[in-house]
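Participant: Take a look at the following structure, please.
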Amino acid sequence: MQKTIIADTSCLILLDKISELALLKILFGEIIITSIIASEFGNPLPDWIVIQSPVNMNYQHILQTSLDIGEASAIALAVELKNPLLILDDTKARRIASELKINYTGTLGILIEAKLSGKIKLIRPLIEKIKETNFYLSPTIEKKIYDACGE
């Protein structure tokens, strides 16, 4: 059975900027986002991205006191679903997800998975595209990515 995958806005925006949004479909088939994340993304969604919002809005409202509304909605939805994988790039959101025992990865982790599973041949061209965006990537993280992917 396929794991439930919930993506935050930053993942969608970054992959869209480098023209690699379809990697999510290739890796996971279906992605779930909340209506808030869909609104933050602001672009038309492919049919393999499903919108589902949390049932209990109280939890989302509590999370919003310390997180962006999109991240709060993604984490609130993840709490309600059975063992999802949450794609988050924000450090504070990751810390909260970890405290709540929610499995998570980031956009860069998705790219590493795509390389290691053979869905892409090289990660380096994608990292170069990312460096042309406003996404911060430290030289240390960049080296770790290349080491993990054998490039």
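With the numbering used here, letter number 59 in the sequence shown gets 228, and the count goes up by one each step, no holes.
Cβ coordinates follow ideal geometry from the N, Cα and C atoms, glycine included.
For T203 and C318, I'd like the C-alpha separation in whole angstroms.
Facilitator: Walking along the sequence shown from the start, residue 203 turns up at place 34. Walking along the sequence shown from the start, residue 318 turns up at place 149. Roughly 31 Å separates the two Cα atoms.
Participant: With DSSP as the reference, please indicate the residues paired to V219 in a beta bridge.
Facilitator: Counting from one through the sequence shown, the residue named residue 219 turns up at place 50. DSSP, once it has assigned bridges, lists I201 as partnering V219.
Participant: On a Cα-Cα basis, can you pick out the residue from I289, F197, E249 and G275 that is closest to W217?
Facilitator: Taking the first residue of the sequence shown as 1, we reach residue 217 at position 48. Measuring from the Cα of W217, the nearest candidate turns out to be F197.
Participant: What's the call for P223, buried or exposed, on a 16-neighbour Cβ count within 10 Å?
Facilitator: Taking the first residue of the sequence shown as position 1, residue 223 is located at position 54. Buried: at least 16 other Cβ atoms inside 10 Å.
Participant: Alpha carbon to alpha carbon, what distance is there between L255 and V248?
Facilitator: Locating residue 248 in the sequence shown gives position 79, counting from the first residue. Locating residue 255 in the sequence shown gives position 86, counting from the first residue. Their backbone Cα atoms lie some 10 Å apart in a straight line.
Participant: Rounded to the nearest angstrom, how far is the Cβ of G275 from that of D258, given a contact under 8 Å?
Facilitator: Within the sequence shown, residue 275 is the residue found at index 106, counting from 1. Within the sequence shown, residue 258 is the residue found at index 89, counting from 1. Contact flag correct, Cβ pair sits at about 5 Å.
Participant: What residue range does the beta strand (DSSP E) around T274 cover?
Facilitator: For the purposes of this step, residue 274 is identified with residue 105 of the sequence shown, where counting begins at 1. Element bounds for T274: N272 to T274.
Participant: So what does L254 bridge to, in DSSP terms?
Facilitator: Position 85 of the sequence shown, counting from 1, holds the residue named residue 254. Answer by DSSP bridge pairing, in chain order: I174 and N272.
Participant: Given a cut-off of 9 Å on the beta-carbon distance, is the pair E311 and I289 in contact?
Facilitator: The residue labelled residue 311 in the question sits at position 142 within the sequence shown. The residue labelled residue 289 in the question sits at position 120 within the sequence shown. Against a cut-off of 9 Å, the Cβ pair of I289 and E311 comes out as no contact.
Participant: Determine, using beta carbons only, whether I292 and L250 come nearer to each other than 9 Å.
Facilitator: Looking up residue 292 in the sequence shown gives position 123. Looking up residue 250 in the sequence shown gives position 81. It is not a contact, given that the beta carbons lie outside the stated cut-off.
Participant: If you draw a straight line from the alpha carbon of M170 to that of E282, how long is it in whole angstroms?
Facilitator: One-based indexing of the sequence shown puts residue 170 at position 1. One-based indexing of the sequence shown puts residue 282 at position 113. Caution is warranted here: a pLDDT of 38 is assigned to M170, below 50, making its placement in the model unreliable, and no coordinate value can be reported.
Participant: Considering just the uninterrupted stretch of the alpha helix (DSSP H) at N227, what are its terminal residues?
Facilitator: Translated into the one-based positions of the sequence shown, residue 227 becomes position 58. M226 to L232 is the span of the alpha helix (DSSP H), which, as asked, contains N227.
Participant: Name the residue from I205, P213, I220 and N212 whose alpha carbon lies nearest to the alpha carbon of H230.
Facilitator: Your numbering for residue 230 matches position 61 in the sequence shown. For H230, the nearest C-alpha among the options comes from I205.
Participant: Run through DSSP, which three-state label would Y315 get?
Facilitator: In the sequence shown, residue 315 corresponds to position 146, counting from 1. Helix, per DSSP.
Participant: Indicate, with yes or no, if the ligand FAD has a heavy atom lying under 8 Å from the CB of M226.
Facilitator: Only the bare structure without any ligand can be found here, which leaves the ligand FAD out of the picture.
Participant: Output the boundary residues of the alpha helix (DSSP H) element that contains S242.
Facilitator: Sequence index remark: in the sequence shown, residue 242 carries index 73 (1-based). Per DSSP, S242 belongs to the alpha helix (DSSP H) from I238 to E249.
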